[in-house]
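Using full-length UniProt numbering, read the first sequence as starting at 1 and increasing by one per residue. Idealized CB from N, CA, C, for every residue including glycine. Working notes, beginning with the structure itself.
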Amino acid sequence: MQFNKSLIAWYSVNKRELPWRNTKEPYYIWLSEIILQQTQVKQGLPYYEAFVHQYPTVFELANAKEEAVLKLWQGLGYYSRARNLHATAKYVAVELDGIFPDNYTDLLKLKGVGDYTASAIASFCFNEVAAVLDGNVYRVLSRYYGIHTPINSTEGKKVFKALANDAIDIENPAEYNQAIMEFGAIQCKPSGPDCLICPLIESCAAYRKNEISILPVKIKNKKPKNKYFNFLVYISDSDKTVIEKRVGKGIWQNLYQFPLMETEKSIDETEFLKRLNSVESFQDVTLFNSVDIVHKLSHQHLHTKFWIIKTQELPEKGTDISQIEDYAVPVLIKNFIEEFNFEYEI
DNA sequence: AATACGGGGGA
DNA sequence: TCCCCAGTATT
């Protein structure tokens, strides 16, 4: 059997039951695809359920506050996805009367929708012949055809795109796209793939040449950069603290945090007080964590200290401590809030 | 052509 | 530690 027909046959037997597989409604497909970008099904699933429950149609999502969307997205990462999700919902609801574009070219124009997502929606919802190319597809194709071109190089993207367009089943692009991704996700896994029960074992170049473990080839990531964060956790006599919105560029845009003092290296209390007192009058300061909390992102390692500052008056307008859970915060801040337990402290 | 952008999980 | 994940936008 051909490569694509074999995958479809495999898929019909082995596919997982997932909520977005029971619909062709573009809103649900789009929502699931945005959530699943660089995110495993297991991690994204509860978020998908929450969004569908909270925003059953594109109109509810469009009418929501961005703050509410970010709060529901909290913990999933890559927050530009949530901001773009909301912006696109507003665009589709208002400008397109709630009707999503019905083809690859127009879908691609939506914020947060790139080549992969446009292909996925176009094929799943409208059966357009548009081959998806995600991490799973790269792996399956590179192994099956024995391609050593790095998948994250410009050349590689070109080569694999051509291969994907060549392999797609033009009679059933939706099934084929689902099939090759599912196959990559649960059988042709990054490590320890189940080759011995693989329907493609006879014709798989990587298996024949014993290259399963070295394919796909990928250009290595650069080392993450170290950063040193000091969060100023104020507690006033009237049980307020200071929390502020992250604006501008960089990570966690539009999420909330305690006032941040970033330093070149890890600092001690003397150094901290020196920098703090150059701005403010006396405070009672204690360090929450004696050892830096290292929050690891894919491109940054954040060495973090939380400084508890008890004070009569806040340096700026405060927020009731009882309300901090309402704000969308990075996981680093969320973990601190849970561990610190303000209620016990005040 | 590179880099920024999160967080969780597997080996 | 390092790699991967239903990638996209910006530089």
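The beta strand (DSSP E) runs of length 3 or more contained entirely in the stretch 205-290 are, from start to end of the chain, 225-236, 260-263 and 284-287. Under DSSP, histidine 301 takes part in a beta bridge, and its partners are Asn226 and Lys296.
Taking the Cα positions, threonine 319 is about 31 Å away from glycine 44.
Take the alpha-carbon of lysine 225 and the one of threonine 263: they are about 13 Å apart. One Cα belongs to leucine 255, the other to proline 199, and the distance between them is close to 47 Å. Note that the stretch 163-182 touches the stretch 129-140; at least 3 beta-carbon pairs, one per stretch, sit closer than 8 Å.
Residue burial annotation: valine 137 is buried, with at least 16 other C-beta atoms found within 10 angstroms of its C-beta.
Beta-bridge pairing by DSSP links threonine 311 to Ser236. Shown here for serine 153: same chain residues with a beta carbon closer than 8 Å to its own, the five before and five after excluded, namely Ile219 in chain order. Counting only runs of at least 4 residues, the UniProt domain "HhH-GPD" (35-186) fully encloses the following alpha helix (DSSP H) elements, listed from N- to C-terminal order: 41-54, 58-63, 66-73, 80-95, 104-107, 115-126, 135-145, 154-167 and 173-186.
Contact check for alanine 120 against asparagine 63 fails: the beta carbons are separated by 8 Å or more.
In the DSSP assignment, aspartate 320 is bridged to Lys240.
By the Cβ-count criterion, histidine 148 is exposed, with fewer than 16 other Cβ atoms from all chains shown falling within 10 Å of its own Cβ. A Cβ-Cβ separation of about 5 Å places glutamine 257 in contact with isoleucine 333 under the 8 Å criterion.
In terms of Cβ geometry, alanine 328 and glutamate 67 form a close pair [threshold 8 Å]. Take lysine 15, set aside five residues on each side of it, and the residues of its chain with a beta-carbon closer than 6 Å to its own are Glu182, in chain order. Comparing alpha carbon positions, the residue from Ile29, Ile201 and Asp102 closest to leucine 85 is Ile29.
For the set Lys245, Lys265, Lys249 and Gly184, the Cα lying nearest the Cα of isoleucine 8 is the one of Gly184.
Put simply, the backbone Cα of aspartate 239 is about 39 Å away from that of valine 58. Contact annotation: glycine 114 and arginine 81 have beta-carbon atoms that are not nearer than 8 Å. One alpha carbon belongs to isoleucine 201, the other to asparagine 172, and they sit about 23 Å apart. Proline 190 places its beta carbon less than 8 Å from that of arginine 139. For a cut-off of 8 Å, the C-beta gap from serine 236 to leucine 287 is around 19 Å, too long to register as a contact.
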